[in-house]
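Q:
There are 2 protein chains.
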Amino acid sequence: MSPGGRRPGKADTREEIIAAAREVFADKGYEGASLRAVARAAGVDAALVHHYFDGKAALFTAAMSLPFDPRVVKDGVPQESGPGSGAAIVEGFLTMWDKAEGTGSSFASCAAATATAPNVADAMREFVIERIWSAEPARPGEDKKLFARRRALISSQLMGLAFNRYILRMPPLSTATPRALGRWAGPTVDRYMEGSLG
Amino acid sequence: MSPGGRRPGKADTREEIIAAAREVFADKGYEGASLRAVARAAGVDAALVHHYFDGKAALFTAAMSLPFDPRVVKDGVPQESGPGSGAAIVEGFLTMWDKAEGTGSSFASCAAATATAPNVADAMREFVIERIWSAEPARPGEDKKLFARRRALISSQLMGLAFNRYILRMPPLSTATPRALGRWAGPTVDRYMEGSLG
Chain A
228 MSPGGRRPGK
238 ADTREEIIAA
248 AREVFADKGY
258 EGASLRAVAR
268 AAGVDAALVH
278 HYFDGKAALF
288 TAAMSLPFDP
298 RVVKDGVPQE
308 SGPGSGAAIV
318 EGFLTMWDKA
328 EGTGSSFASC
338 AAATATAPNV
348 ADAMREFVIE
358 RIWSAEPARP
368 GEDKKLFARR
378 RALISSQLMG
388 LAFNRYILRM
398 PPLSTATPRA
408 LGRWAGPTVD
418 RYMEGSLG
Chain B
228 MSPGGRRPGK
238 ADTREEIIAA
248 AREVFADKGY
258 EGASLRAVAR
268 AAGVDAALVH
278 HYFDGKAALF
288 TAAMSLPFDP
298 RVVKDGVPQE
308 SGPGSGAAIV
318 EGFLTMWDKA
328 EGTGSSFASC
338 AAATATAPNV
348 ADAMREFVIE
358 RIWSAEPARP
368 GEDKKLFARR
378 RALISSQLMG
388 LAFNRYILRM
398 PPLSTATPRA
408 LGRWAGPTVD
418 RYMEGSLG
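Protein sequences appear in the order of chains A and B.
Under my numbering, residues 228 to 425 are what the first sequence spells out, in order.
Under my numbering, residues 228 to 425 are what the second sequence spells out, in order.
#1: Residues of chain B with a CB under 8 Å from the CB of A:Ala348: which are they?
#2: Beta carbon of B:Met291, beta carbon of B:Val251: below 9 Å?
#3: If I'm right that A:Ala386 touches B:Gly387 with Cβ under 8 Å, what's the distance once you round it to whole angstroms?
#4: Can you give me the start and stop residues for the alpha helix (DSSP H) that B:Phe354 sits inside?
#5: With distance defined between alpha-carbon atoms, name the residue in A:Tyr279, A:Gly282, A:Val416, A:His278 nearest to A:Arg377.
#6: Closest by CA to B:Ser361, which one among B:Lys326, B:Ser382, B:Leu275?
#7: What three-state label does DSSP hand B:Phe280 in the structure shown?
#8: In chain A, which residues lie with their C-beta within 9 Å of the C-beta of B:Trp324?
#9: For the stretch 401 to 415 of chain B against the stretch 335 to 344 of chain B, do three or more pairs of beta-carbon atoms, one drawn from each stretch, fall closer than 8 Å, so that the two count as touching?
#10: Chain A partners of B:Arg410, CB-CB under 8 Å?
#11: If I'm right that A:Pro294 touches A:Ser261 with Cβ under 8 Å, what's the distance once you round it to whole angstroms?
#12: At the level of alpha carbons, what is the spacing between A:Gly282 and A:Gly270?
#13: Using a Cβ-Cβ cut-off of 9 Å, state whether B:Phe390 counts as contacting chain A.
#14: How many angstroms separate the CA atom of B:Met420 from the CA atom of A:Ala247?
#15: Counting only beta-carbon atoms, is B:Pro305 nearer than 9 Å to chain A?
#16: Does the distance from the C-beta atom of A:Pro182 to that of A:Phe354 stay below 9 Å?
#17: Is the beta carbon of B:Leu400 less than 9 Å from the beta carbon of B:Arg410?
#18: A:Arg205 versus chain B: which residues are under 7 Å apart at the beta carbon?
#19: Do you know offhand how far A:Leu328's Cα is from A:Pro345's?
#20: Would you report the Cα separation of B:Ala268 and A:Arg358, rounded to the nearest angstrom?
#21: Using only the alpha-carbon positions, how far apart do B:Ala274 and B:Thr330 sit?
#22: The alpha helix (DSSP H) that contains A:Glu426, what's its start and end?
#23: Whose C-alpha, out of A:Phe390, A:Ala412, A:Ser423, is nearest the C-alpha of A:Ala315?
#24: Keeping to the same chain, check which residues put their C-beta closer than 8 Å to that of A:Thr341; ignore five residues upstream and five downstream.
#25: What residues from chain B crowd round A:Arg418, counting only those whose CB sits closer than 8 Å?
#26: Is B:Ser423 helix, strand or coil by DSSP?
#27: Does any C-beta atom of chain B lie closer than 9 Å to the C-beta of A:Ala284?
#28: Looking only at C-alpha atoms, which of B:Lys326, B:His277, B:Gly425, B:Ala284 sits nearest to B:Gly259?
#29: Along chain A, which residues have their Cβ under 7 Å away from the Cβ of B:Ser382?
#30: Are the CB atoms of B:Phe390 and A:Phe320 nearer to each other than 9 Å?
#31: By Cβ distance, which residues of its chain are closer than 7 Å to A:Leu380, with the 5 residues on each side in sequence left out?
#32: Restricting to Cα atoms, I'd like to know which of B:Thr240, B:Ala253, B:Tyr257, B:Ser312 is closest to B:Ala266.
#33: Excluding the five sequence neighbours on either side, which residues of its own chain have a C-beta within less than 7 Å of the C-beta of B:Asp272, listed in chain order?
#34: Suppose you measure from the CA of B:Thr288 to the CA of A:Gly422; what does that come to, to the nearest Å?
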């Protein structure tokens, strides 16, 4: 260790990888970024990135301060559809963000980062499409355009609820329980998942 | 005019009033702010504020860079309800923001200002409640709590569509016409306006 130098430690290395990941994701987008490029930008071995982060999605959630493990959301959301599942999706989505309130991963901080930097928005959009949902329809033979439309409309209702709950603090969306919000907005998500879209 | 002083001009005065209004709205909220307080903060006569701005709502839209005359929105939105009016509301809302794209009043710039400063969000929420909608139910005898719930849910769907269209740029919400979006999301707004909410 050089005199006056910073003591190298676990936390430092992890933070340096995260800082490098932010730059690479903003520069290349979610799809274009690779763990190898992040390692290069951080000046560390790729194995070290793998040591700290279980894949690109995990690194992205850390870099963007997202409050979740994307696999949990993915397993929870788009597969289970049927009457009433819209309510469960709304409730689960808001419960997750409720828990993140007051941390650096709050919905307001993620929304602000997305709204102020178009390249962050690009990476976020790719992430939502690729990981929260999936790039391709889950059911074989399902129309791809209709699938994309359903995915985007559900996203619009969920993000709109969160924007009004956490940022605008519009009552009663800001005060009701996630369960009540699931009852009110669940049928919207049900229709976007399964219904006719005009 | 003092030597070295700035030449007083129309544009300057108007901009100084707007800058003062931003501070007063952020400090006092929409309801708590008055044109007199703005005039005081700007160091001008209250009559001059009235000369430039036709009331508090007009001053707020200028201060927050909102792209609309609130009376237009108010006249267009909550009164006309009935089958199919949800589609017209969605189409009108997105047409308005489409026109603002690329200006300083874009949805992204308004959302960023709201997401980064809680006091701006407070003023924006009061403004949405008081002016875009109204503080009280339009129909005599209508349940106030239910009215507030309907208002907030419609707000959530509209803002969610805009967030995905202009900020996240999620296809096909980013590429479809306002009319198509009205067809897809209109029934959601119809249900929030008139339907049972669980």
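Every residue, glycine too, gets a C-beta built ideally from N, C-alpha and C.
A: Taking the geometry as given:
#1: On the first sequence, position 121 is the one that residue 348 of chain A refers to. Within chain B, the residues near A:Ala348 are Ile394, Leu395, Arg396.
#2: Indexing the second sequence from 1 puts residue 291 of chain B at position 64. Indexing the second sequence from 1 puts residue 251 of chain B at position 24. Cβ distance not < 9 Å, so B:Met291 and B:Val251 don't count as in contact.
#3: For the purposes of this step, residue 386 of chain A is taken as the residue at position 159 of the first sequence. For the purposes of this step, residue 387 of chain B is taken as the residue at position 160 of the second sequence. Note on identity: in this sequence residue 386 of chain A is Met, with Ala being the wrong assignment. That pair is a contact at about 5 Å.
#4: By one-based count along the second sequence, residue 354 of chain B stands at place 127. 345 to 354 is the span of the alpha helix (DSSP H), which, as asked, contains B:Phe354.
#5: Position 150 of the first sequence, counted from the start, is the residue given in the question as residue 377 of chain A. Of the listed residues, the one whose Cα sits closest to A:Arg377 is A:Val416.
#6: Locating residue 361 of chain B in the second sequence gives position 134, counting from the first residue. When only C-alpha atoms are compared, the closest one is B:Ser382.
#7: The count along the second sequence starts at 1 and reaches residue 280 of chain B at position 53. Coil, per DSSP.
#8: As a working mapping, residue 324 of chain B is identified with position 97 in the second sequence. Neighbours of B:Trp324 on chain A: none; closest Cβ ~14 Å, over 9 Å.
#9: no
#10: Your numbering for residue 410 of chain B matches position 183 in the second sequence. Within 8 Å Cβ-Cβ: Leu424, Gly425.
#11: Within the first sequence, residue 294 of chain A is the residue found at index 67, counting from 1. Within the first sequence, residue 261 of chain A is the residue found at index 34, counting from 1. Contact flag wrong, Cβ pair sits at about 24 Å.
#12: Position 55 of the first sequence, counting from 1, holds the residue named residue 282 of chain A. Position 43 of the first sequence, counting from 1, holds the residue named residue 270 of chain A. Each residue's alpha carbon lies about 18 Å from the other.
#13: One-based indexing of the second sequence puts residue 390 of chain B at position 163. It does: the Cβ of B:Phe390 has a partner Cβ on chain A nearer than 9 Å.
#14: Taking the first residue of the second sequence as position 1, residue 420 of chain B is located at position 193. Taking the first residue of the first sequence as position 1, residue 247 of chain A is located at position 20. Straight-line Cα distance between these residues: approximately 47 Å.
#15: As a working note, residue 305 of chain B is residue 78 in the second sequence. Confidence at B:Pro305 is low in this model, with a pLDDT of 44, below 50, so the placement of that residue is unreliable and no value is reported for it.
#16: There is simply no residue 182 of chain A to check, as chain A begins at 228 and stops at 425 in what is shown.
#17: Here residue 400 of chain B corresponds to residue number 173 of the second sequence, with the count starting at 1. Here residue 410 of chain B corresponds to residue number 183 of the second sequence, with the count starting at 1. In this structure, B:Arg410 does not lie closer than 9 Å to B:Leu400 by Cβ.
#18: Absent from the structure is residue 205 of chain A, since the part of chain A shown begins at 228 and ends at 425.
#19: The residue labelled residue 328 of chain A in the question sits at position 101 within the first sequence. The residue labelled residue 345 of chain A in the question sits at position 118 within the first sequence. Looking at the sequence itself, residue 328 of chain A is Glu, so the reference to Leu does not match. Rounded to the nearest angstrom, the two C-alpha atoms are 24 Å apart.
#20: The sequence position of residue 268 of chain B within the second sequence is 41, counting from 1. The sequence position of residue 358 of chain A within the first sequence is 131, counting from 1. If I take the Cα positions, the gap works out to 50 Å.
#21: Position 47 of the second sequence, counted from the start, is the residue given in the question as residue 274 of chain B. Position 103 of the second sequence, counted from the start, is the residue given in the question as residue 330 of chain B. If I take the Cα positions, the gap works out to 29 Å.
#22: Outside the shown range of chain A, which is 228 to 425, sits residue 426 of chain A, and nothing can be said about it.
#23: Here residue 315 of chain A is taken as the residue at index 88 of the first sequence, counted from 1. Closest option to A:Ala315, Cα to Cα, is A:Ala412.
#24: The residue labelled residue 341 of chain A in the question sits at position 114 within the first sequence. Excluding residues within five positions, the ones whose Cβ falls inside 8 Å are Val347, Ala348, Met351.
#25: The residue labelled residue 418 of chain A in the question sits at position 191 within the first sequence. Near A:Arg418 (Cβ distances below 8 Å), the residues of chain B are Pro414, Thr415.
#26: Taking the second sequence and counting its residues from 1, the one referred to as residue 423 of chain B is at position 196. DSSP places B:Ser423 in coil when its eight states are reduced to three.
#27: Within the first sequence, residue 284 of chain A is the residue found at index 57, counting from 1. Closer than 9 Å: no.
#28: Position 32 of the second sequence, counting from 1, holds the residue named residue 259 of chain B. The option with the nearest alpha carbon to B:Gly259 is B:Ala284.
#29: The count along the second sequence starts at 1 and reaches residue 382 of chain B at position 155. Asn391, Met397, listed in chain order.
#30: Your numbering for residue 390 of chain B matches position 163 in the second sequence. Your numbering for residue 320 of chain A matches position 93 in the first sequence. No; because the gap between Cβ atoms is not below 9 Å, this pair is not in contact.
#31: For the purposes of this step, residue 380 of chain A is taken as the residue at position 153 of the first sequence. Excluding residues within five positions, the ones whose Cβ falls inside 7 Å are Tyr419.
#32: In the second sequence, residue 266 of chain B corresponds to position 39, counting from 1. Per the C-alpha coordinates, the member of B:Thr240, B:Ala253, B:Tyr257, B:Ser312 positioned closest to B:Ala266 is B:Thr240.
#33: If you number the second sequence from 1, residue 272 of chain B lands on position 45. Around B:Asp272: Ala266.
#34: Residue mapping note: residue 288 of chain B aligns to position 61 of the second sequence, counting from 1. Residue mapping note: residue 422 of chain A aligns to position 195 of the first sequence, counting from 1. Roughly 38 Å separates the two Cα atoms.
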